[in-house]
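Protein chains in written order, with the working numbering: chain A, 41 to 220; chain B, 25 to 114.
Every residue, glycine too, gets a C-beta built ideally from N, C-alpha and C.
Report on the following structure.
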């Protein structure tokens, strides 16, 4: 059975999307982790990271999976669990799943910068997120943010990108934040 | 073609590898001629990383809200009890 992830309603319908996946897949993932001695909080962490990976794959679009989405999501969760606890050093990564979660995203200077972007820079960040992270179609972005068309959405996207780039530079230097 | 957003767009094309060969050559020449351009390229790269981090933070908040709803709302009681039993009866 082949299934295509339906991203039509994302991210506006993400609450329903995540609720559905939670109900379908979390019991299986929790059962798996419970049997291996993991706690409820560990099952929760692993499952939430798996949802994030799954969302990013879905947002990147064109993803066609060869079994049902519950099996796919459980596969990601098992991989993350094994990676986290190195239960089996012989384990080989799932084909086509390149899972990188932020390593240095939690540094104090990065958190400070992120807090600034979440408040003062929120309008631009939401636009940039919809384009680069959610990978929404430009026509949808134009409608969602009230632009007259895709061209003005594109112009605004680049203006925001430049504004945020200059903000990051200024704040980073002020916070004595050094680029790797 | 000299507006600022066009420069930002050219940096993006250069970084994402979507620029044509001719545009890339021109961009390389500009990097040599304009000392501020290299700096902009570096910060723009950092900006994309931060947009991804920002997106993940917002998404994690949405997922956590769903989790809280499922484990506190009365209509999801049978679901939450089913999960919790997995960690208590062992």
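* **Inter-residue spacing [alpha-carbon to alpha-carbon] between residue 83 of chain B and residue 188 of chain A** => 28 angstroms
Count the C-beta pairs between the stretch 45 to 65 of chain B and the stretch 175 to 185 of chain A that are closer than 8 angstroms, then say yes if the count reaches three, no if not. no
message = Taking the alpha-carbon of residue 118 of chain A as reference, which of A/194, A/89, A/171 and A/55 has the nearest alpha-carbon?
response = A/89
- Determine the contact status of residue 94 of chain B and residue 59 of chain A, defining contact as a CB-CB distance below 8 angstroms. yes
When A/63, A/61 and A/121 are compared against residue 75 of chain A, the one with the closest alpha-carbon
A/121
CB contact below 8 angstroms: residue 55 of chain A versus chain B:
yes
Q) Are residue 134 of chain B and residue 157 of chain A closer than 8 angstroms when you measure CB to CB? A) What the structure shows of chain B is the stretch from 25 to 114, and residue 134 of chain B is not part of that stretch, so it cannot be assessed.
Exercise. Starting from residue 182 of chain A, follow the alpha helix (DSSP H) in both directions and report where the run begins and ends.
Key: 178 to 184
What did DSSP end up calling residue 242 of chain A once you bin it into helix, strand or coil? It is not possible to answer for residue 242 of chain A, since the shown part of chain A is limited to 41 through 220.
Exposure of residue 206 of chain A, with buried meaning 16 or more beta-carbon neighbours within 10 Å:
exposed
Exercise for review: Could you confirm whether any beta carbon from chain A is found closer than 8 angstroms to the beta carbon of residue 99 of chain B?
Suggested key: no
Contact criterion: CB-CB distance below 8 angstroms. Does residue 120 of chain B meet it with respect to chain A? A query on residue 120 of chain B cannot be resolved here, the shown segment of chain B reaching from 25 to 114 and no further.
**Q.** Reference residue 212 of chain A, options A/110, A/171, A/155 and A/168, closest by Cα
**A.** A/155
Is there a Cβ from chain A that is less than 8 angstroms from the Cβ of residue 37 of chain B? no
C-beta contact flag for residue 110 of chain B and residue 70 of chain A at 8 angstroms: yes
inquiry  = Below 8 angstroms on the Cβ atoms is my contact criterion, and I expect residue 99 of chain A with residue 174 of chain A to pass it. Report the Cβ-Cβ distance as a whole number of Å.
reply    = 5 angstroms
Worksheet entry | Reduced DSSP secondary structure (H/G/I, E/B, other) of residue 94 of chain A | helix
query = Cβ of residue 71 of chain A less than 8 angstroms from any chain B Cβ?
reply = yes
Point to revise | Length of the line joining the Cα atoms of residue 209 of chain A and residue 33 of chain B | key: 18 angstroms
8 angstroms Cβ cut-off: residues of chain B touching residue 208 of chain A
67, 70, 71 and 74
* So is residue 80 of chain B buried or exposed if we call it buried at 16+ other beta carbons inside 10 Å? -> buried
Checklist entry - Using CA coordinates, which residue listed in A/172, A/176, A/95 and A/201 is at the minimum distance from residue 161 of chain A? => result A/201
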